[in-house]
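In the UniProt record's numbering, the protein residues as written are 1 to 215. Worksheet: one structure, shown below.
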């Protein structure tokens, strides 16, 4: 674990090289969020997990950053955070994606088996990024861990469900993208991002996600 200054008001916890980097990011993020909830880090404004790092911001409070460094020294990056409070979400999917046959071919299985693999996995929100409300979901079965498309599509509709590398994801709004598409959420699916909701993103780090075949 490296703790790097990002200007005078933030620290970047770099966990690249850890044998379970996503687990370590989750452990660090959970420890910092728990400390904030206990009132131990009043100067910390935000804790932002990513694929290999956790950003901690404390504008105008260098003492808070010193406290963060002290806390990090005691974090067990091998510990599995308690996911119970993060909640769980089930999303119904029509598995009719443009890349479903491509994914099946590269996985060496049938389309039905791709659907079974996807619906049988319990995924976890590792972090958010790319677009408001977009969650990177870890825990994807190995056969579904496939590369992005060589040429991104100029427009992917909101609700599209895809895979890219080690992550699964759902597009919260129409946007360009290069993920391989398995299907789309049903029309009655919950809103993934609502700026008037607290928190705005439905899928928060630590939330477990399961997909259900809606036919």
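C-beta: ideal position from N, C-alpha, C; glycine also.
{"Asked": "Cβ-Cβ separation, residue 213 to residue 89 (assumed contact under 8 Å), whole Å", "Found": "Wrong, their Cβ atoms sit about 16 Å apart, outside the cutoff."}
{"Asked": "Assigned secondary structure, residue 201 (DSSP; H/G/I helix, E/B strand, else coil)", "Found": "strand"}
{"Asked": "Counted within 10 angstroms of its Cβ, other Cβ atoms place residue 74 as buried (16 or more) or exposed", "Found": "exposed"}
{"Asked": "Minimum C-alpha distance to residue 91 - residue among 101, 107, 118", "Found": "118"}
{"Asked": "For residue 55, the nearest candidate out of 143, 7, 158 (CA to CA)", "Found": "7"}
{"Asked": "Beta-carbon spacing of residue 144, residue 114 below 8 Å", "Found": "yes"}
{"Asked": "Sub-8 Å separation of residue 128 and residue 152 beta-carbons", "Found": "no"}
{"Asked": "Nearest-angstrom Cα separation, counted from residue 78 out to residue 68", "Found": "19 Å"}
{"Asked": "C-alpha gap between residue 157 and residue 15, whole angstroms", "Found": "34 Å"}
{"Asked": "Nearest residue (CA-CA) to residue 161, options 26, 10, 182", "Found": "182"}
{"Asked": "Residue from 31, 34, 47 whose Cα sits closest to the Cα of residue 10", "Found": "47"}
{"Asked": "Best match in 112, 123, 45, 175 for proximity to residue 22 [C-alpha to C-alpha]", "Found": "123"}
{"Asked": "Residue 118 - containing alpha helix (DSSP H), residue span", "Found": "111 to 120"}
{"Asked": "Exposure of residue 99, with buried meaning 16 or more beta-carbon neighbours within 10 Å", "Found": "buried"}
{"Asked": "Contact belief for residue 211 with residue 201 at Cβ below 8 Å, rounded distance in angstroms", "Found": "Going by Cβ atoms, the distance from residue 211 to residue 201 rounds to 18 Å, so no, they are not a contact pair."}
{"Asked": "C-alpha distance - residue 42 paired with residue 172, whole-angstrom precision", "Found": "32 Å"}
{"Asked": "C-alpha distance - residue 12 paired with residue 110, whole-angstrom precision", "Found": "43 Å"}
{"Asked": "Candidates 28, 37, 159: closest to residue 72 by CA position", "Found": "28"}
{"Asked": "Collapsed DSSP secondary structure at residue 163 in the structure displayed", "Found": "strand"}
{"Asked": "Inter-residue Cα distance where the pair is residue 2 and residue 17", "Found": "10 Å"}
{"Asked": "Unbroken beta strand (DSSP E) run spanning residue 29, endpoints", "Found": "Here residue 29 belongs to no beta strand (DSSP E); instead the alpha helix (DSSP H) covers 21 to 37."}
{"Asked": "Alpha-carbon to alpha-carbon, residue 26 and residue 103", "Found": "28 Å"}
{"Asked": "Cα-Cα separation between residue 209 and residue 65, rounded to whole angstroms", "Found": "33 Å"}
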